[in-house]
Amino acid sequence: MLNTYMLEPSGLKINLNIHKYFLSVLSLLFLLITWQALAVYLDSSTFPMPVLVAKVFWQACVTGQLPYHLGMTLLRLIVSFSIAMLFGCAMGIALGRNRKLDAFFDNWLVIFLNVPALVTIILCYVWFGLVESAAILAVVVNKLPNVIVTIREGTRALDQDLMDMARCYRLSKRKILLEIIWPQLHPFVMGATRSGLALIWKIILVVELLGRSNGMGYQLHLFFQMFDVASILAYTLAFVGVIQLIELLILKPLDQHALRWRR
Amino acid sequence: MSAIKIDILNKRFPGVGEATGHLVIENLNLTINPQEFVCLVGPSGCGKTTLLNIIAGLDTDFTGEISVGQVTKKSKIGVVFQNPRLLAWRTVRQNIELVQERFQNAELIDELLDVMQLTVFQNVYPEHLSLGMSRRVALIRAFAVNPDLLLMDEPFVSLDAPTARQVRDLLLLLWEKRPHTVLFVTHDLREAIALADRLVFLSAAPMGFVADIKVSIPRTERNNEQAIEEFRQQLMNEYPAIKQLI
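Protein sequence lines correspond, in order, to chains D and W.
Position one of the first sequence corresponds to residue 22 (this note's numbering), numbered consecutively onward.
Position one of the second sequence corresponds to residue 7 (this note's numbering), numbered consecutively onward.
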């Protein structure tokens, strides 16, 4: 009797997991079928069937075109994302901890938050030329205010009791930052990371489309001029796949590691 | 460590907008001798925690002067707050190691964990501990720095009676082993008599000095409930002003 009682919850969990897995496969299958049905019904060159997209995808992979352009975009993403997060976190913590600084720069933040992405991109290219650094800068400027605002909120919500404890015991600045502030900021950093990746993905394509001669944005622009919808969809699929991989292989494990102490 | 001299003219919490604010402490003069165990007794809300924060250096917004001996970076302060204030993302042991800034002393931690009966829990996250256990961890953390001055803010509040008694005995044991100055805030007179060399009674807000009494019960008799009760009765009769505070 005791045994069954002990076993039940975990058994139930496995069951639920299989159930969830099955459901997500089913929903994806349904999406594919709907796509196929629509393509057959419309019978248009601008709405290709899934099989054709898969074929194009395979071709692009074999020729090395897709990995090259995807790689270029990923590289830009990593560089601009790292810069934006690094400076954003530093500035966010500074503004969250210092009221005068915050009051001074608050207007700047509001302005930069509301400048349209396209404007910063165009200005960066006009002022600095059609070069790599201008492209990176354009992405960073678009992303930075978001990170600052999120981290600032997190810093304002820091537990004052713990800060007092740290001051009483005269902990070093380094320890306070690493042991007390950073763990509390973690959810906010993860939030900024997720929303940041989504934002940068969107902006980086426009940046490439306007001023670079490689990368996903450049390729999509090319396909658009040729009305090559199958290629556009193939590249999109690769894109979505990469995001899923980042989420599964990097962000989820980070989350789990940081929250291991939670009940 | 030399004596602690407290001389606060006034401490005021600012009011909102036009309000004049709230006067918490007024004309408080107090000297605490080295290696003395002093209990501050007063009604709740009278500003004892505020006073401790001022002594700990957390609150500098007051008129007056505090001299904590040679407050250098060398003199170490251990603090036990009303709530345990442990880092939830660090294990019990890591929480204690955290405050041992320049001198890692694993033996001392082992010994303290053993005395507080927490050795088996040293690699557990605080979320899994009961409040009583968390409080004991906070005590260990305070002792782990080998403090010259130990500030304690009602550290045994909301502990059940047997645990409180047990932890109180441990506190005395550790203090006798390595004497240092202790400032212990409480509103429980029996607890104060059982622990202190000296009782300092404080009035309700604005907090001021009421009485300063040496506890004459010898250290060996501190577990004797009857002796403590007798001393308490005697106090109440001799100082009627105290009656209103408790």
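Yeah, the Cβ is synthetic: ideal placement off N, Cα and C, and Gly gets one too.
Below 8 Å, can you find three or more Cβ-Cβ pairs linking the stretch 161-181 of chain D to the stretch 210-229 of chain D? yes
What separation, rounded to the nearest whole angstrom, lies between the Cα atoms of Lys273/D and Ile99/D? Walking along the first sequence from the start, residue 273/D turns up at place 252. Walking along the first sequence from the start, residue 99/D turns up at place 78. When rounded, the distance between both Cα atoms is 18 Å.
Touch check for the stretch 192-209 of chain W and the stretch 225-235 of chain W: three-plus C-beta pairs under 8 Å? The answer is yes - the stretch 225-235 of chain W touches the stretch 192-209 of chain W, with three or more Cβ pairs under 8 Å.
Using a beta-carbon distance below 8 Å, is Ala112/W in contact with chain D? Sequence index remark: in the second sequence, residue 112/W carries index 106 (1-based). It does not: the Cβ of Ala112/W has no partner Cβ on chain D nearer than 8 Å.
Whole-Å CB distance - Ile12/W paired with Asn35/W, under 8 Å assumed: Numbered from 1 along the second sequence, position 6 holds the residue referred to as residue 12/W. Numbered from 1 along the second sequence, position 29 holds the residue referred to as residue 35/W. Confirmed, about 7 Å.
Does the stretch 125-143 of chain W touch the stretch 58-66 of chain W, meaning 3 or more C-beta pairs lie closer than 8 Å? no
Does the distance from the CB of Gly238/D to the CB of Val228/D come in under 8 Å? In the first sequence, the residue the question calls residue 238/D occupies position 217. In the first sequence, the residue the question calls residue 228/D occupies position 207. Closer than 8 Å, so yes.
Could you tell me the boundaries of the beta strand (DSSP E) in which Lys17/W lies? Locating residue 17/W in the second sequence gives position 11, where the first residue counts as 1. Per DSSP, Lys17/W belongs to the beta strand (DSSP E) from Ile10 to Phe19.
The stretch 169-196 of chain D: positions lying closer than 9 Å to chain W by Cβ: Asp180, Asp182, Leu183, Asp185, Met186, Ala187, Arg188, Cys189, Tyr190, Arg191, Leu192, Ser193 and Lys196
Give a yes or no on contact between the stretch 155-162 of chain W and the stretch 99-112 of chain W, applying the rule of three or more CB pairs nearer than 8 Å. no
Within 8 Å of any Cβ in chain D, is that where the Cβ of Arg141/W sits? Start at 1 with the first residue of the second sequence, and residue 141/W comes out as number 135. For Arg141/W, the answer is no, since every Cβ of chain D falls outside 8 Å of its Cβ.
At a cut of 8 Å, does the stretch 153-166 of chain D reach the stretch 102-111 of chain D through at least three beta carbon pairs? As far as the Cβ criterion goes, the stretch 153-166 of chain D touches the stretch 102-111 of chain D, which means the pair count is three or higher.
So with CB distances below 9 Å, who are the chain D contacts of Phe43/W? Residue numbering aside, residue 43/W sits at position 37 when the second sequence is read from its first letter. Near Phe43/W there are no residues of chain D at all, since even the closest Cβ is about 19 Å away, more than 9 Å.
DSSP state of Leu207/W, grouped into three classes? As a working mapping, residue 207/W is identified with position 201 in the second sequence. Just to set this straight, residue 207/W is Phe in the shown sequence, not Leu. In the structure shown, Phe207/W sits in a strand (DSSP, three-state: E or B).
Distance CB(Val188/W)-CB(Phe87/W) smaller than 8 Å: On the second sequence, position 182 is the one that residue 188/W refers to. On the second sequence, position 81 is the one that residue 87/W refers to. Not a contact, by the Cβ cut-off of 8 Å.
In whole angstroms, what separates the C-alpha of Gly70/W from that of Glu227/W? In the second sequence, counting from the first residue as 1, residue 70/W sits at position 64. In the second sequence, counting from the first residue as 1, residue 227/W sits at position 221. Roughly 39 Å between the two C-alpha positions.
Report all residues from its chain with a CB closer than 8 Å to the CB of Leu28/D; omit the five preceding and five following residues, and keep chain order. Translated into the one-based positions of the first sequence, residue 28/D becomes position 7. Only weak support is given to the placement of Leu28/D: the predicted model assigns it a pLDDT of 46, under 50, and the value that follows is read from those uncertain coordinates. Result list for Leu28/D: empty, nothing under 8 Å.
Let me know the secondary structure DSSP gives Asn33/W once reduced to three states. Taking the second sequence and counting its residues from 1, one reaches residue 33/W at position 27. DSSP places Asn33/W in strand when its eight states are reduced to three.
Specify, as a first and last residue, the run of the beta strand (DSSP E) that Ile72/W falls within. Taking the first residue of the second sequence as 1, we reach residue 72/W at position 66. Ile72/W -> beta strand (DSSP E) spans Thr69 to Val74.
Do the CB positions of Val105/W and Arg142/W come within less than 8 Å of each other? As a working mapping, residue 105/W is identified with position 99 in the second sequence. As a working mapping, residue 142/W is identified with position 136 in the second sequence. For Val105/W and Arg142/W, no; Cβs fall outside 8 Å.
Extent of the continuous beta strand (DSSP E) run through Phe43/W: For this step, residue 43/W is matched to residue 37 along the second sequence. Note, Phe43/W: beta strand (DSSP E), Phe43 to Val47.
Nearest candidate by alpha-carbon position, reference Leu95/D, set Phe245/D, Arg283/D and Ile221/D: By one-based count along the first sequence, residue 95/D stands at place 74. Leu95/D has its Cα closest to that of Ile221/D, out of Phe245/D, Arg283/D and Ile221/D.
So, is the C-beta of Arg283/D closer than 8 Å to a C-beta in chain W? Position 262 of the first sequence, counted from the first residue, corresponds to residue 283/D. Closer than 8 Å: yes.
Could you tell me which chain W residues have their CB closer than 8 Å to the CB of Glu200/D, listed as they occur along the chain? As a first step, residue 200/D is located in the first sequence; it is residue number 179 there, counting from the start. Chain W residues near Glu200/D: Leu93, Arg96 and Leu104.
Taking 8 Å as the threshold (beta carbon to beta carbon), is Arg151/W in contact with chain D? For this step, residue 151/W is matched to residue 145 along the second sequence. Sequence inspection shows Val at residue 151/W; the Arg mentioned does not correspond to that position. True, the Cβ-Cβ gap to chain D drops below 8 Å.
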